[in-house]
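First residue of the sequence shown: -3, per this note's numbering; consecutive thereafter.
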Amino acid sequence: MVAVAVLCATFTSCFRDEAPNAECDIEEAFVSVSNAKEVFNNLSDTLLQVSSTTTDLIFQIKRKATVTNFAPQFKLTEGATISPANGSEHDFSKGPVVYTVTSQDGNYSRVYRVSFKKASVMVGDTVKFDFEHYVKANLTGLADFYKWQEKDGEGMQDVWGSGNAGFSLSAWDQPAEADPAIPIDGFDGKAVQLTTRSTGSLGKLVKMPIAAGNLFYGTFDLRNALADALKATQFGHPFNRKPLTVTGYYKYTPAKTVTDRTSKVLEDVKDSAAIYAVFYRNHDDSGQKVVLDGSNIKTSNLIVAMADMDYVAPKEDWTEFEIKFKYLTDIDLDVLEQNGYSLALVFSSSKQGDRFIGAIGSTLCIDKVRIICEKEKK
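Okay, here's the thing in structure tokens:
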């Protein structure tokens, strides 16, 4: 997935230079309240960094917070305007407030939903992901691509990231069905199919010849890829239970011809998929918000536990998998209560795709993923 981020950095820089006034994005959202510590678990929660593929902006507030009126402010792309007015106050107790951002040239607009949500207590000891909800999305001037969502009490939320948005830059004339990540009929209902794709002649030219199919619990920030490709993959969301096991169903068919970033065939190398989860503290010792990315998803000292299916055996039929979390340290129940931990789930059709090593055509299918958590003590 880092491969897609690097590739899209090359293409996006060209795209943005050609149309500097066509952008209509919220880059940051922030709110100021007089009693922030009574409303938010952490002061850093008053600021949201908004990825280029996200349209649902959610401020997490304490469960006992009584404030309902907020006046969020937004940092927009150059020349863009927003309605309702930037900094205007609204009652968010009735649900999300819809904002429309219009580009400087007036030709493009984008709709965002902003909400203030009390930290929810997860019901039961199992969190379910069935991949039934997906839509076609697009960024200004680019091809459609698939993205996955999860349903909560306020509607659909964008909680899954993939490299599809970046791939659409190199496959602008291809349908969404050619994406590295697409929906298919699954073990039960719908599933996700992840396929390692060629990035075409331009990808070969810049030594980024493949894009591994990937899906992860987090966000993919196309804008961030311009400055630092590894940070484009933002892994994880706050998670207020102690995860013990990851289960699900998969199929995996590795393609035979593995190549490196120069497109050289690696004769004795077999492609391999990746299925793993990471549980980590989402604030550092100074209280700053932390989201792990492609540079540190397996190496950060904030990691508390990991569940890694080191070898994904090829399977033609749907096969159940189970991975147990290995804890490196004990969790802090007070931190857990305050949403101070995040969970990342990662699936990829080529494990070494971040080094542009993989086999075009390798396919990993995923369905009915479950996070089994420690039961809450009564």
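Here a beta-carbon is modelled for each residue, glycine too, at the ideal position from N, C-alpha and C.
Note that the coordinates shown come from a computational prediction; the quantities given were computed from them, not determined experimentally.
Apart from the five residues on each side of it in sequence, which residues of its chain come closer than 8 Å, Cβ to Cβ, to residue i?
i: leucine 176; result: Residue 176 is actually proline in this sequence, not leucine. Answer for proline 176: Val0, Ser158, Gly159, Asn160, Phe163, Leu190, Thr191, Thr192, Arg193, Ala207, Ala208, Gly209, Asn210, Ser345, listed in chain order.
i: aspartate 41; result: Phe55, Gln56, Ile57, Lys285
i: aspartate 13; result: Low local confidence applies: a pLDDT of 47 at aspartate 13 is under 50, so the model's placement there is unreliable, and no value is given.
i: leucine 262; result: Val254, Thr255, Asp256, Ile353
i: glycine 283; result: Asn38, Leu39, Ser40
i: glycine 232; result: Tyr213, Gly214, Val274, Tyr276, Asn278, Val287, Leu288, Ser338, Leu339, Ala340
i: glutamate 318; result: Thr241, Val242, Thr243
Count the other CB atoms, across all protein chains shown, that sit within 10 Å of the CB of residue i; report buried if there are 16 or more and exposed otherwise.
i: proline 171; result: exposed
i: glycine 376; result: No answer is possible for residue 376: the residues shown for the chain start at -3 and end at 374.
i: glutamine 69; result: exposed
i: glutamate 19; result: buried
i: isoleucine 180; result: exposed
i: aspartate 154; result: buried
i: asparagine 278; result: buried
i: tryptophan 168; result: exposed
i: arginine 59; result: exposed
i: leucine 138; result: buried
i: glycine 290; result: buried
i: arginine 351; result: exposed
i: valine 308; result: buried
i: phenylalanine 66; result: buried
i: valine 342; result: buried
i: tyrosine 81; result: Tyrosine is not the amino acid found at residue 81; the sequence shown has alanine there. Alanine 81 is exposed by the Cβ-count criterion.
i: threonine 62; result: exposed
i: glycine 185; result: exposed
i: asparagine 335; result: buried
i: threonine 295; result: exposed
i: serine 84; result: exposed
i: leucine 43; result: exposed
i: phenylalanine 127; result: buried
i: lysine 371; result: exposed
i: proline 73; result: Residue identity differs from the one stated: residue 73 is threonine in this sequence, not proline. With 16 or more Cβ atoms within 10 Å of its Cβ, threonine 73 is classed as buried.
i: phenylalanine 26; result: exposed
i: glycine 64; result: For clarity, residue 64 is threonine in the given sequence; the question names glycine instead. Classification for threonine 64: exposed.
i: serine 30; result: exposed
Taking residue i as the reference, which of the options has the closest Cα?
i: serine 391; options: Thr98, Gln56, Ala167; result: Any answer about residue 391 is impossible in this case: the structure gives the chain only from -3 up to 374.
i: aspartate 281; options: Asp87, Val331, Val274; result: Val331
i: alanine 202; options: Thr258, Trp156, Thr215; result: Looking at the sequence shown, residue 202 is not alanine but valine. It is Thr258.
i: threonine 241; options: Ile362, Ile367, Tyr272, Asp87; result: Ile367
i: glutamate 173; options: Arg237, Phe235, Lys132, Ile54; result: Lys132
i: aspartate 328; options: Lys238, Lys227, Pro250, Ile178; result: Lys238
i: tyrosine 337; options: Met305, Val300, Phe317; result: Val300
i: aspartate 140; options: Met204, Thr49, Gly283, Gln348; result: Thr49
i: cysteine 369; options: Ile22, Glu23, Lys143, Val123; result: Val123
i: glutamate 312; options: Tyr248, Met152, Ala269; result: Tyr248
i: cysteine 361; options: Ile271, Lys147, Glu333; result: Ile271
i: asparagine 297; options: Glu318, Thr325, Asp306; result: Thr325
i: lysine 114; options: Ser28, Ser268, Lys227, Glu34; result: Glu34
i: valine 188; options: Met204, Ser166, Tyr142, Glu316; result: Tyr142
i: leucine 165; options: Met152, Lys147, Leu218; result: Leu218
i: asparagine 134; options: Gln45, Met152, Tyr104; result: Tyr104
i: proline 310; options: Ala303, Ile293, Glu333, Lys266; result: Lys266
i: aspartate 52; options: Phe321, Ala269, Ile22, Gly196; result: Ile22
With respect to the alpha helix (DSSP H) encompassing residue i, which residues constitute its N-terminal and C-terminal limits?
i: phenylalanine 163; result: 160 to 166
i: leucine 332; result: 329 to 333
i: glycine 196; result: 196 to 201
Excluding the 5 residues flanking residue i on each side, which residues of the same chain have their C-beta closer than 6 Å to its C-beta?
i: arginine 106; result: Cys20, Val97
i: valine 93; result: His86, Val110
i: valine 287; result: Gln230
i: glycine 357; result: Ala251
i: proline 234; result: Asn335, Ser338
Under DSSP, the beta strand (DSSP E) around residue i begins and ends at which residues?
i: glutamate 146; result: 146 to 148
i: glutamate 34; result: Where glutamate 34 is concerned, there is no enclosing beta strand (DSSP E), although the alpha helix (DSSP H) it sits in stretches over 32 to 35.
i: asparagine 55; result: What sits at residue 55 in the sequence shown is phenylalanine, not asparagine. From DSSP, the beta strand (DSSP E) with phenylalanine 55 extends over 52 to 57.
i: lysine 90; result: Element bounds for lysine 90: n/a, residue is neither H nor E.
i: arginine 106; result: 105 to 114
i: serine 79; result: 77 to 79
i: lysine 71; result: 69 to 72
i: arginine 277; result: 270 to 277
i: threonine 64; result: Where threonine 64 is concerned, there is no enclosing beta strand (DSSP E), given that its DSSP letter is neither H nor E.
i: leucine 43; result: 43 to 45
i: threonine 249; result: 239 to 249
i: leucine 439; result: Only positions -3 to 374 of the chain appear in this structure, which leaves residue 439 out of reach.
i: leucine 360; result: 359 to 369
i: aspartate 181; result: 177 to 181
Return the chain-ordered list of same chain residues with a C-beta closer than 7 Å to the C-beta of residue i, the five sequence neighbours on each side being excluded.
i: phenylalanine 183; result: Tyr245, Trp314, Asp363, Lys364
i: glutamine 348; result: Gly354
i: aspartate 306; result: none
i: tryptophan 112; result: Going by the sequence as given, residue 112 is phenylalanine instead of tryptophan. Answer for phenylalanine 112: Phe55, Ile57, Phe66, Phe88, listed in chain order.
Just checking residue i against the ligand COA - is the residue's beta carbon closer than 7 Å to any of the ligand's heavy atoms?
i: serine 268; result: The ligand content of the structure shown is nil, which means the ligand COA is not present either.
Contiguous alpha helix (DSSP H) assignments of at least 4 residues, all confined to the stretch 295 to 346: 329 to 333
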